[in-house]
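Chains as they are written, first to last, in the numbering used here: chain A, 1 to 108; chain B, 1001 to 1113.
Glycine is no exception: its CB is placed at the ideal position from the N, C-alpha and C atoms.
Report on one structure; see the data block that follows.
Put into structure tokens, the structure is as follows:
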């Protein structure tokens, strides 16, 4: 059974500083997804990482994938309040399996 | 707007009842997924259809069933509802059996009282 583990589960960020969310998974896969969810809302697709070494960036967010280490990271640069949300990673084998999510709060 | 449409958005029903949740995938997407999100279980995969055929099954209870119709819309049927079935049910769609981007709808909030 595939296990997807995120850490930390809760992250209090200070505006302007950099942070990283980690996503470890237990079974080889070449497809990893990052989503953002605001409270009570849908999941917004942030990144799809399709190969070892893939790196994608959008604004203050950058995601990378190391399939050999079974590790993906979501790096947040110079956090701003608008980034407060819950971030999920998910791994696709025959189904999309989600981590528990990282709840991010950005404080001034 | 992801292009995935779910109805109803909110539903309150009594224990023992049956409800049907409907999903219209993005135009051209052949794959439909159903997920349940609750505070204690997180995001749980229920079932996936591709072009009308069941492709993968997750932690879907026997009281739940789903299908994908020829026009590619999908329905999730929940019967003999229990309090624990209260959750946010998401439908998602993608263009291929394995991704690439999987888009989620706004969800259907189900409250069982």
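Whole angstroms is fine: what's the gap from residue 1063 of chain B's alpha carbon to residue 8 of chain A's? Approximately 35 angstroms between the Cα atoms of the pair.
For residue 1021 of chain B, which beta-bridge partners are listed by DSSP? DSSP lists B:1076 as partners of residue 1021 of chain B.
Can you tell me which residues form a DSSP beta bridge with residue 51 of chain A? For residue 51 of chain A, which the question treats as bridged, DSSP gives no partner whatsoever.
As a quick exercise: from B:1034, B:1027, B:1020, pick the residue whose alpha carbon is nearest that of residue 1071 of chain B. For the options B:1034, B:1027, B:1020, the alpha carbon positioned closest to that of residue 1071 of chain B is the one of B:1027.
Using only CA atoms, which one of B:1016, B:1021, B:1080, B:1055 lies nearest to residue 1120 of chain B? Residue 1120 of chain B cannot be examined here, being either before or after the span of chain B that is shown, 1001 to 1113.
For the beta strand (DSSP E) containing residue 1054 of chain B, list its first residue and its last residue. It spans 1053–1057 - the beta strand (DSSP E) in which residue 1054 of chain B sits, taken as one unbroken run.
Return helix, strand or coil for residue 46 of chain A, following the three-state DSSP convention. Residue state, collapsed to three classes: strand.
9 angstroms Cβ cutoff, residue 1007 of chain B in contact with chain A: Not closer than 9 angstroms to any Cβ of chain A, the Cβ of residue 1007 of chain B fails to qualify, so no.
Measuring straight from C-alpha to C-alpha, what distance separates residue 1048 of chain B and residue 16 of chain A? Each residue's Cα considered, the two are about 41 angstroms apart.
Run through chain B and tell me which residues come within less than 9 angstroms of residue 101 of chain A, C-beta to C-beta. Ordered by position in chain B, the residues that pass the 9 angstroms Cβ test against residue 101 of chain A are 1042, 1043.
Using a Cβ-Cβ distance under 9 angstroms, would residue 1027 of chain B count as near chain A? Among the CB atoms of chain A, none fall inside 9 angstroms of the CB of residue 1027 of chain B.
Enumerate in chain order the residues of its own chain whose CB-to-CB distance from residue 100 of chain A is below 7 angstroms, with the five nearest sequence positions on each side excluded. Spatial neighbours of residue 100 of chain A in its own chain (CB-CB distance under 7 angstroms, excluding positions within 5 residues in sequence) are listed in chain order as 6, 9.
In three-state terms, what does DSSP make of residue 66 of chain A? Reduced to three states, the DSSP call for residue 66 of chain A is strand.
In this structure, how does DSSP classify residue 1083 of chain B when only helix, strand and coil are distinguished? Shown here, residue 1083 of chain B sits in a helix according to DSSP, grouped into three states.
Quick one: what's got a C-beta closer than 8 angstroms to residue 66 of chain A's C-beta in the same chain, skipping five residues either side? Sequence-distant partners of residue 66 of chain A (beyond 5 residues in either direction) whose C-beta falls short of 8 angstroms from its own C-beta, in its chain, are 52, 53, 72.
Any Cβ of chain A within less than 9 angstroms of the Cβ of residue 1016 of chain B? With 9 angstroms as the cut-off, residue 1016 of chain B does not count as an interface residue toward chain A.
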